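Here's the structure we're looking at; comments come further down.
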Amino acid sequence: MQTMIKIPEITEAVAIWRAGGLVAFPTETVYGLGADASNEVAIRRIFAAKGRPHDHPLIVHVANVRQLQDWARDVPAEAYLLANLFWPGPLTLILKKQPHVLDLVTGGQETVGIRIPNHPIALALLEAFNGGIVAPSANQFTHISPTTAQAVHEELGDKVDLIIDGGACDVGLESTILDMTGPVPRILRPGMITAEAITAALGSVVSVTRKEVPGIRAPGMHHLHYAPTTKTILLHSAQLPAYLKMINQRVAVVTYSQMTLPINTFITHIQMPTTPIQYAHDLYRVLRELDHQQFHQIIIEAVPETSEWAAIRDRLFRASGSV
Ligand code: TXA
Ligand code: MG
């Protein structure tokens, strides 16, 4: 992706952050709503703008691996290995926090989430700021994350001091969250860096959280997190034909397999890309567009059970309230 970095915007964003304001900016995953990670007042504005409960911790974004130790302590060698391999990139590491890290960042826990985003604008901003920026996805709590600047406008409007437009996000789904503080690394939120890729890098197995684990504030565990407002249901390919026969109101049908659907004035068919990387890139944009069109339902074809589709499967479950 070719992105022109406009220096005046970088300077303006850094000035806003230093003054305790909010700047929405592109990352490779989704757009983030950024504030100075050391400024409690600024961070309170994030929670207010998103309508997000205070016990949902935030990810600290930094520009280089050296800054890990500014926020985390007792960082295990495996964490450095993963950081060196996958950063900048869509992987968040949960580590033991340094004592100064604010409760508002960690949700009062002893751990902190950190990542280096892989986007030229995000990196330029973080380098210029020269500190940690907390950045949740730039959407209202429980809504779908924004993957374009336009979507950030829709979600946050004038609740943010500046929105930097970096075009559509490359990855399109939120980062993989990996908890490195237990005996075995554990994936709290699947992303496009898969359990298999992490296992291969570490040479040992990682565990994957499926259900809410008591004591761990895993992300998106709320019913209908990452959800459109239109009723959304998930069906297996084999269930679709019979279901669609009964349709008598306008619905959108989102498929990944190249299946033929019954021709019917009620049915709008959206054929998604057949590969997980492209599918992930398009998913939130498509759901957002469909959500504007007053369909009775959005019907989504379930995707394969393989590891490369795991993050997409997870978000589809959440969009349809199936978890
Ligand atoms: O790709 C991403 O991660 C995007 C971009 C902007 O970087 N950010 C993002 O932030 O998705 P957010 O706040 O929407 O989701 C981060 C999730 C939260 O739901 C939170 O529960 C989890 O990360 N999290 C943060 N710190 C944590 C911690 N110390 N322990 C467990 N979960 C944590
Ligand atoms: Mg979010």
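Sequential numbering of the sequence shown, starting at 0, is according to numbering that gives the first Met the number 0.
We treat Cβ as the ideally placed atom computed from N, Cα and C, and that holds for glycine.
Here the structure is a predicted model, which is why all the values come from computation and not from measurement.
Endpoints, the alpha helix (DSSP H) within which residue i is located
i, result
"Q149", "148 to 155"
"L195", "First, the residue type needs correcting, since residue 195 is Glu and not Leu in the sequence shown. Its alpha helix (DSSP H) spans residues 194 to 201."
"K49", "39 to 49"
"H280", "275 to 290"
"V104", "102 to 105"
"T28", "Per DSSP, T28 belongs to no alpha helix (DSSP H) and is neither H nor E."
"A121", "119 to 128"
"Q68", "67 to 70"
"L239", "239 to 244"
"V13", "6 to 17"
"D178", "Careful: D178 lies outside any alpha helix (DSSP H), inside the beta strand (DSSP E) at 175 to 178."
Distance between residue j and residue i (C-alpha atoms, nearest Å)
i, j, result
"L239", "M271", "16 Å"
"Q1", "I120", "In this prediction, Q1 scores a pLDDT of 49, lower than 50, which makes its location untrustworthy; no coordinate-derived value is stated."
"I113", "T274", "29 Å"
"A12", "A241", "53 Å"
"W16", "V250", "43 Å"
"R314", "L187", "13 Å"
"A127", "A237", "52 Å"
"E109", "H99", "11 Å"
"V204", "L286", "34 Å"
"L289", "R72", "44 Å"
"V302", "I132", "35 Å"
"E173", "S144", "8 Å"
"P213", "Q149", "At P213 the pLDDT is 39, less than 50, meaning the model places this residue with poor confidence and gives no usable figure here."
"F24", "K244", "44 Å"
"V22", "L155", "11 Å"
"D316", "V151", "Before going further, note that residue 316 is Phe rather than Asp in the sequence given. C-alpha separation (whole angstroms): 23 Å."
"I42", "I9", "20 Å"
"F140", "E195", "30 Å"
"A34", "G130", "11 Å"
"V29", "A279", "11 Å"
"V104", "G31", "15 Å"
"I215", "N263", "Only weak support is given to the placement of I215: the predicted model assigns it a pLDDT of 38, under 50, and the value that follows is read from those uncertain coordinates. So the alpha carbons of these two residues sit roughly 47 Å apart."
"A199", "Q97", "29 Å"
"A76", "V252", "46 Å"
"E304", "A14", "46 Å"
Distance cut-off 8 Å: residue i Cβ against heavy atoms of the ligand TXA
i, result
"V285", "no"
"G166", "no"
"H268", "no"
"S174", "yes"
"Q108", "yes"
"V183", "no"
"M202", "The question names Met, yet the displayed sequence has Gly at residue 202. It does not: the Cβ of G202 is nowhere closer than 8 Å to a heavy atom of the ligand TXA."
"P189", "no"
"V40", "no"
"P75", "no"
"V111", "yes"
"P87", "no"
"R317", "no"
"T193", "no"
"P98", "no"
"T26", "yes"
"I163", "no"
"L101", "no"
Closer than 9 Å to chain B by CB, residue i
i, result
"W16", "Within the model displayed, chain B is absent; a lone protein chain is all it includes."
Nearest candidate by alpha-carbon position, reference residue i, set the options
i, options, result
"N83", "A62, T180, T274", "A62"
"C168", "V183, L101, G88", "G88"
"K5", "L124, I197, R287", "L124"
"L92", "H99, L172, L80", "L80"
"V111", "T228, I58, V29, Q292", "I58"
"R44", "V29, H55, Y30, G20", "G20"
"I298", "Q277, L260, Y30, E307", "L260"
"Q292", "I276, T267, A309, W308", "T267"
"G106", "A196, V74, R51", "R51"
"R184", "G190, I176, M191", "As written in the sequence, residue 184 is Pro, which differs from the Arg given in the question. Ranking G190, I176, M191 by Cα distance to P184 puts I176 first."
"A48", "Q277, V170, H142, V159", "V159"
"Y283", "W70, T147, L101, P7", "T147"
"I276", "V170, F265, P135, A18", "V170"
Endpoints, the beta strand (DSSP E) within which residue i is located
i, result
"D35", "31 to 35"
"A62", "No beta strand (DSSP E) holds A62; DSSP gives it neither H nor E."
"I232", "231 to 234"
"E300", "296 to 300"
"R114", "110 to 114"
"A251", "250 to 254"
Check: residue i C-beta below 8 Å from any heavy atom of the ligand MG
i, result
"S136", "yes"
"S144", "yes"
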